[in-house]
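Numbering (my numbering), first residue to last: 5 to 271.
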C-alpha cells in the first residue's frame, strides 16, 4: 500500500507556524511495506544509522493515520536510539489523508477498522522488525496518540510480547460493538505489560470520572501501570501542529515516556 499522506492530513490544516520538525541527521528514515496475513501494509520507520538489535517501539497513529506528525514522532524516538515503526492501520478501509471533515473520517474509515486487525498488524510490525535484524525482541514497546492511545491499552492486554506501553489521551470507555468488543476500562485489570497513561484534565472528550475509574482499577490490580493527569491540558496536548499543543506538558510527557521505557528495560 502507498503512503497515506505526504505532509499533513487535510483535516488538520492549517498547520501551526511553530510545528516541530526533526531532521534525519544520523538516522535512516524510510517508507516500508510490512507483510501481514492478508497482504502488505504501509509503514514508516526511523532508526539510528547502522543500528542493529535496537530497542523498538511501534507508534500507533491518531485518526489522521501516518501523516507528518507521526513520522516526526518516529524520528524523535530514533534520536533517542530507538527503532520506531509507524504502520498505517487504516489502509484496508480507506485513505483518511484527503478527508477534511473529522466526522467523515470516523464514519467512513475509523469506525470500520476492527480492533483485532490492528492488534495483528502491530504483531506483524514487530515481526518485520525482528526478522530484519534491526530489533531486539527482548526490548519492545508501544505508544499511541488519541485513537492510538486506546489501542495501546488494548495491545498491552493482548500480549506479553512487549515490555512497556505509553498511552497518550486515548479513549478509556465508550460503547462496544462487534468490531470493537472491549475498551481500556474493560482490560485495565488484566494488562500483561506496564502502561503509563498521559491525559489532560481539560479533555472534553475523556471525562475525568472515567480517568478516575481506570486509576482505581489499576490501583486495585496492584501492578505498576498508572495514569498521570496534566490538570491544565486538554486533548492532543502533544500535537505540536495543532492549537491544542501545550509545550510544557508535551515536553514533560515525552520525558516521562523516555523514563518509563528505560525503567522497564526498553532502552
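Built from N, CA and C at the ideal position, the CB exists for glycine as well.
These numbers come from a predicted model, not from an experiment.
- Message: Using a Cβ distance threshold of 8 Å, determine whether the stretch 87-107 contacts the stretch 46-54, with at least three qualifying pairs required.
- Response: yes
- Proximity to residue 268 [Cα-Cα], best of 246, 228 and 182: 228
- Between the stretch 188-204 and the stretch 167-175, are three or more C-beta pairs nearer than 8 Å? yes
- Item | Three-state class that DSSP yields for residue 155 in the structure shown | helix
- Query: Can the beta-carbon of residue 13 be found less than 8 Å from the beta-carbon of residue 68?
  - Reply: yes
- Residues sharing a beta bridge with residue 60, DSSP: 87 and 144
- Cβ separation of residue 125 and residue 149, assumed to be a contact under 8 Å, to the nearest whole Å: 16 Å between Cβ atoms; not a contact.
- Message: Here's the rule I'm using: 16 or more other beta-carbon atoms within 10 Å means buried, otherwise exposed. How should residue 266 be labelled?
- Response: exposed
- Message: I believe residue 168 touches residue 270 by the beta-carbon criterion, under 8 Å. Please report the beta-carbon distance rounded to the nearest angstrom.
- Response: 5 Å
- Closest by C-alpha distance to residue 153, when choosing among 123, 263, 103 and 137: 123
- Query: Three or more C-beta pairs closer than 8 Å, one from the stretch 185-201 and one from the stretch 219-238: is that the case here?
  - Reply: yes
- Message: For residue 213 and residue 220, I'd like the C-alpha separation in whole angstroms.
- Response: 11 Å
- Item | DSSP three-state assignment for residue 52, whether helix, strand or coil | strand
- Task: Return no unless some Cβ of chain C is closer than 8 Å to the Cβ of residue 37.
- Result: Looking for chain C here will not work: only one protein chain is present.
- At what residue ranges does the stretch 90-114 contain a whole run of the alpha helix (DSSP H), taking only runs of 4 or more? 106-112
- Item | Test item: CB-CB of residue 156 and residue 146 under 8 Å | yes
- Message: Tell me which residues share the same chain as residue 36 and place their Cβ nearer than 6 Å to its Cβ, disregarding the 5 neighbours each side in the sequence.
- Response: 47 and 49
- What is the rounded straight-line gap between the Cα of residue 191 and the Cα of residue 158? 7 Å
- Message: Going by DSSP, what residue range makes up the alpha helix (DSSP H) through residue 129?
- Response: 119-136
- Query: Just reading off the alpha helix (DSSP H) that residue 262 is part of, what are its end residues?
  - Reply: 251-267
- Message: I need the boundaries of the alpha helix (DSSP H) containing residue 212, first residue and last residue.
- Response: 212-225
- Task: Below 8 Å on the Cβ atoms is my guess for residue 16 versus residue 245; work out the distance and round it to an integer in Å.
- Result: 6 Å
- Query: Considering only residues of the same chain and omitting the five flanking positions on each side of residue 143, which have a CB-CB separation below 7 Å?
  - Reply: 59, 60, 167, 269 and 270
- Rounded separation between residue 118 and residue 71 - CA only: 21 Å
- Item | Same chain, Cβ closer than 8 Å to residue 241, neighbours up to 5 away in sequence not counted | 173, 204, 234, 248, 249, 250, 253, 254 and 257
- Message: Could you tell me the alpha carbon to alpha carbon distance between residue 121 and residue 106, rounded to whole angstroms?
- Response: 22 Å
- Under 8 Å between the Cβ atoms of residue 160 and residue 40? no
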